[in-house]
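In UniProt numbering, the protein residues as written are 1 to 104.
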């Protein structure tokens, strides 16, 4: 999961892929997701999005990503060989986002 605020992504939280076919699909461990939202309500960083890889594909949302996205404005980071892209999910689908990595 991607953590941060309206100002940007400030960290990440790994979560186990609990999908029955993890080589082709992903499903975030629900307990990790619940715990992350609880931590945010207690003053921790907010869950602002998600990340996953397309190890044999492109760094853009797949048809499955588009079908399963909540269209809630979350940021999706998609990692493929040699490339990372960011996207925002919305009512019209995914919109590519520019990003800049800055040192802490």
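Cβ atoms here follow ideal geometry from the backbone N, Cα and C, with glycine treated the same way.
Neighbourhood of residue i by C-beta, 6 Å cutoff - its chain only, sequence neighbours within 5 removed
| i | result |
| --- | --- |
| residue 94 | 61 and 87 |
| residue 52 | 26 |
Neighbourhood of residue i by C-beta distance below 7 Å, restricted to the same chain and skipping five residues each side
| i | result |
| --- | --- |
| residue 96 | 85 and 87 |
Contact check, residue i vs residue j, beta carbons under 8 Å
| i | j | result |
| --- | --- | --- |
| residue 89 | residue 76 | yes |
| residue 48 | residue 3 | yes |
| residue 59 | residue 74 | no |
N- and C-terminal bounds of the beta strand (DSSP E) containing residue i
| i | result |
| --- | --- |
| residue 53 | 46-53 |
| residue 89 | 83-90 |
| residue 10 | 8-12 |
Cβ-based burial, residue i [other Cβ within 10 Å; buried from 16]
| i | result |
| --- | --- |
| residue 50 | buried |
| residue 78 | buried |
| residue 70 | exposed |
Start-to-end residues for the alpha helix (DSSP H) that takes in residue i
| i | result |
| --- | --- |
| residue 33 | 30-41 |
Beta-carbon proximity list for residue i, same chain, < 8 Å, skipping 5 on both sides
| i | result |
| --- | --- |
| residue 68 | none |
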